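Student: Sharing a structure here in structure tokens format.
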């Protein structure tokens with residue numbers, strides 16, 4: 001795994017992810033071409049970098065770790081480890097208080113010192129992930145605790161492409177690199 005540098009972003013040939021919290025969309029790019037687009041759910045508290053804010057951090061990140069590649073779909077994670085459970089409506093009814101982290105985890109690390117890396121704005125220490133969520137959770141609306149929630153089918157596709165080291169750009173509104 002090689003950590004990308006800000007000067008290299010966005011990549012002109014390789015896979016990278018764009019997450020637009022205003023549109024509640026994830027786009028998976030290969031250089032200048034969109035390979036996949038899907039609805040997401042980002043932080044209900046909005047966008048922001050501060051530890052404990054419940055907000056989704058902005059700026060350039062990269063996939064620090066890809067977790068759960070050998071787990072079943074709907075595997076339940078706590079502390080980045082499989083609990084041995086598989087999500088079901090019955091399990092949800094038994095544990096209505098849980099914020100479900102399902103199927104796979106792509107753990108993000110910030111690339112911008114003082115913005116999303118280090119001190120009180122460190123995305124990795126905040127445990128900011130892309131992860132699966134139950135099918136009854138809304139997509140296209142901000143409802144998470146700061147992470148990026150995806151439908152399992154979208155997450156499995158993204159997980160197959162976004163290996164550790166993949167750049168991820170989180171922003172709140174369409175912007176251009178021109």
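In full-length UniProt numbering, the protein residues as written are 1 to 178.
Yeah, the Cβ is synthetic: ideal placement off N, Cα and C, and Gly gets one too.
Fair warning: this is a prediction, and the values are worked out from it, not measured in the lab.
Just to confirm my understanding: we take residue 138, look at its own chain, exclude 5 residues before and 5 after, and list those with CB closer than 8 Å. What are they?
Tutor: Taking the chain shown and counting its residues from 1, the one referred to as residue 138 is at position 138. Excluding positions up to five away in sequence, the list reads 41.
Student: Determine the contact status of residue 68 and residue 56, defining contact as a CB-CB distance below 7 Å.
Tutor: Position 68 of the chain shown holds residue 68. Position 56 of the chain shown holds residue 56. Their beta carbons are not under 7 Å apart, which means residue 68 does not touch residue 56 by this criterion.
Student: Which residues in the same chain as residue 124 place their Cβ atom closer than 8 Å to its Cβ, once the five residues preceding and following it in sequence are excluded?
Tutor: Position 124 of the chain shown holds residue 124. Result list for residue 124: 64, 107, 108, 109, 110 and 117, in chain order.
Student: Quick one: using the 10 Å Cβ neighbour count with 16 as the cut-off for buried, is residue 24 buried or exposed?
Tutor: As a first step, residue 24 must be located in the chain shown, where it is residue number 24. Under this definition residue 24 is a buried residue.
Student: Which partner residues of residue 86 appear in the DSSP bridge assignment?
Tutor: Taking the first residue of the chain shown as 1, we reach residue 86 at position 86. Note: residue 86 sits in a beta bridge opposite 75.
Student: Are residue 73 and residue 121 close, meaning C-beta to C-beta below 7 Å?
Tutor: By 1-based counting over the chain shown, the position of residue 73 is 73. By 1-based counting over the chain shown, the position of residue 121 is 121. Not closer than 7 Å, so no.
Student: Tell me which residues share the same chain as residue 178 and place their Cβ nearer than 7 Å to its Cβ, disregarding the 5 neighbours each side in the sequence.
Tutor: Within the chain shown, the letter at position 178 stands for residue 178. For residue 178, the predicted structure reports a pLDDT of 39, less than 50, and the residue's modelled location is therefore unreliable. A value from the coordinates is still provided. Answer for residue 178: no residue qualifies.
Student: Answer yes or no: do residue 132 and residue 155 have a C-beta to C-beta separation smaller than 7 Å?
Tutor: Locating residue 132 in the chain shown gives position 132, where the first residue counts as 1. Locating residue 155 in the chain shown gives position 155, where the first residue counts as 1. Going by C-beta atoms, residue 132 is nearer than 7 Å to residue 155.
Student: In angstroms with no decimal places, state the Cα-to-Cα distance between residue 38 and residue 149.
Tutor: Residue mapping note: residue 38 aligns to position 38 of the chain shown, counting from 1. Residue mapping note: residue 149 aligns to position 149 of the chain shown, counting from 1. Straight-line Cα distance between these residues: approximately 11 Å.
Student: Which residue's Cα is closest to the Cα of residue 142: 2, 26, 10 and 45?
Tutor: In the chain shown, the residue the question calls residue 142 occupies position 142. For the residues 2, 26, 10 and 45, the minimum Cα distance to residue 142 belongs to 45.
Student: Buried or exposed: residue 51, going by 16 or more other Cβ atoms within 10 Å of its Cβ?
Tutor: Looking up residue 51 in the chain shown gives position 51. The residue is exposed, with fewer than 16 neighbouring Cβ atoms inside 10 Å.
Student: Counting only the same chain and skipping the five closest in sequence on each side, list residues whose C-beta sits under 8 Å from that of residue 112.
Tutor: Locating residue 112 in the chain shown gives position 112, counting from the first residue. Here the set comprises 6, 59 and 60.
Student: Going by alpha carbons, who is nearest to residue 157 out of 17, 4, 89 and 11?
Tutor: The count along the chain shown starts at 1 and reaches residue 157 at position 157. Measuring from the Cα of residue 157, the nearest candidate turns out to be 17.
Student: Would you say residue 120 touches the ligand ADP, meaning its beta carbon is less than 6 Å from a heavy atom?
Tutor: The ligand ADP is not part of this structure, which contains no ligands at all.
Student: According to DSSP, is residue 157 part of a helix, a strand, or is it coil?
Tutor: What you label residue 157 is simply residue 157 of the chain shown in a count that begins at 1. The answer is helix: DSSP assigns residue 157 an H, G or I state.
Student: Out of 127, 47 and 14, which has the shortest C-alpha to C-alpha gap to residue 34?
Tutor: For the purposes of this step, residue 34 is taken as residue 34 along the chain shown, with counting starting at 1. The option with the nearest alpha carbon to residue 34 is 14.
Student: Look at the Cβ atom of residue 12, then the Cβ atom of residue 31, and state whether they are nearer than 7 Å.
Tutor: The residue given as residue 12 occupies position 12 in the chain shown. The residue given as residue 31 occupies position 31 in the chain shown. Yes, these two residues count as a Cβ contact at 7 Å.
Student: If you reduce the DSSP assignment to three classes, tell me which class residue 18 lands in.
Tutor: One-based indexing of the chain shown puts residue 18 at position 18. Note: residue 18 maps to strand in three-state DSSP.
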